[in-house]
Amino acid sequence: MSTRTIIVGYDRSAGSRDAAKWALDEAARTGALVEFFYAYEWPTWMPAASMVPATSVWPDNDTDRAVKGALHQAVVSARATHPQVRTAISIVHAHAGSTLIDRSREADLIVLGCRGHSAVGGLLGSLSAAVSAHAHCPVVLVRGDAAATSPVVVGVDDSASSHAAMAFAVEQAVARGVGLHVIRAWKPVTGLWEETAMVTRKVTAEERQPFDQLIASWREKQPDLEIHADAVVEHPASVLARAGLSAQLLVVGTHGHGPVRGMLLGSVSQHLLRHSPCSLAIVHVTSTPR
Numbered sequence: 272m273s274t275r276t277i278i279v280g281y282d283r284s285a286g287s288r289d290a291a292k293w294a295l296d297e298a299a300r301t302g303a304l305v306e307f308f309y310a311y312e313w314p315t316w317m318p319a320a321s322m323v324p325a326t327s328v329w330p331d332n333d334t335d336r337a338v339k340g341a342l343h344q345a346v347v348s349a350r351a352t353h354p355q356v357r358t359a360i361s362i363v364h365a366h367a368g369s370t371l372i373d374r375s376r377e378a379d380l381i382v383l384g385c386r387g388h389s390a391v392g393g394l395l396g397s398l399s400a401a402v403s404a405h406a407h408c409p410v411v412l413v414r415g416d417a418a419a420t421s422p423v424v425v426g427v428d429d430s431a432s433s434h435a436a437m438a439f440a441v442e443q444a445v446a447r448g449v450g451l452h453v454i455r456a457w458k459p460v461t462g463l464w465e466e467t468a469m470v471t472r473k474v475t476a477e478e479r480q481p482f483d484q485l486i487a488s489w490r491e492k493q494p495d496l497e498i499h500a501d502a503v504v505e506h507p508a509s510v511l512a513r514a515g516l517s518a519q520l521l522v523v524g525t526h527g528h529g530p531v532r533g534m535l536l537g538s539v540s541q542h543l544l545r546h547s548p549c550s551l552a553i554v555h556v557t558s559t560p561r
């Protein structure tokens, strides 16, 4: 992967520090610039007294100095641990989610932590869902502390977004020198038809043929990459979350629904956004590696 710019949400929280380390490690492999990003989300107005509305009150000089100092310290730390990685900082007085979505048009990767206390924190809520659903580049949500030898896991189906996820996962596995575990899961039939003879709990050769062709094509493209492939009848969210227990990175595509593509994350991505035991990469059909 020849990534050029990685934007990492940074607010000094433990989650954002984990995200920064992940981003710096990725940049060391790819030669990317790492940009430490902070967004102020100030109230539209703040009362000067308990009953008196007032105009907007933006961060004062002390707050600005504290934020800039924290980001500069992150850069200093990055130079000590990853001296070969280029770094930059950006501070915006705007909504974090919309700014990151807009910036994702020019970035190659956005990296966010899973806990925090500012505009780039709270990532189990609306920000992570919004950025993951609407970003124009892959979004990585950093979680856990997996071994560097653990495999990359990717969930695929027949959609265009999962093929983009597969390409991203292959490049991640190759760059990290680890194996790739590819999972194709068919949801089991439940309810009225569950106990009938019409239901099979095994994947037929015809059903898995496109999956087998996909695996064969990637084995041909990457003959040195160890690819383990599983085709199962199980809910995709469940099998992927379980596979994530022994993975260093879990990769999925997006299945947005609604009048605008990507308006919402699909149910599997939504579930993993909250419950993935390892770092999660969410890849859009437009998120092609550069």
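According to the numbering used here, the residues represented by the sequence shown are 272 to 561, in order. Heads up, the beta-carbon is just placed ideally off N, CA and C, and yes, glycines get one too. Only a predicted model underlies this, so the values are computations on that prediction, with no experimental measurement involved.
For the 8 Å CB-CB criterion, residue 384 and residue 289 form a contact. For the options 488, 414, 510 and 435, the alpha carbon positioned closest to that of residue 459 is the one of 510. Runs of alpha helix (DSSP H) with 4 or more residues, each lying fully within the region 394-433, are found at 397-405, listed in chain order. Assignment of residue 368 by DSSP, reduced to helix, strand and coil, places it in the helix class. Between the region 480-497 and the region 397-404, the count of Cβ pairs shorter than 8 Å is below three; the stretches do not touch. When secondary structure is reduced to three states using DSSP, residue 448 falls in the coil class, being assigned neither helix nor strand.
Within a 10 Å sphere around the beta-carbon of residue 347 sit fewer than 16 other beta-carbons, which makes this residue exposed. Collapsing the DSSP output to three states places residue 384 in a strand. Pairing residue 380 with residue 277 gives a Cβ-Cβ distance under 8 Å. The continuous stretches of beta strand (DSSP E) do not include residue 497, and DSSP gives it neither H nor E.
Distance from residue 550 to residue 410 at the Cβ level is roughly 11 Å; contact not present, criterion being Cβ atoms closer than 8 Å. The alpha-carbon of residue 478 is positioned some 37 Å away from that of residue 301. If you compare the alpha carbons of 407, 303, 486 and 519 with that of residue 449, the shortest gap goes to 519. With respect to residue 443, residue 556 sits apart: the two C-beta atoms are not nearer than 8 Å. In the displayed model, residue 375 falls within coil according to three-state DSSP, outside both helix and strand. Residue 276 sits in a strand when the DSSP states are folded into three classes.
Among the bridge pairs identified by DSSP, residue 457 is matched with 504. Within a 10 Å sphere around the beta-carbon of residue 481 sit fewer than 16 other beta-carbons, which makes this residue exposed. The three-state reading of DSSP puts residue 290 in helix, counting H, G and I together.
In this structure, residue 364 sits near residue 311, with a CB-CB distance shorter than 8 Å.
Out of 344, 357, 355 and 404, the CA that lies nearest to the CA of residue 541 is found in 404.
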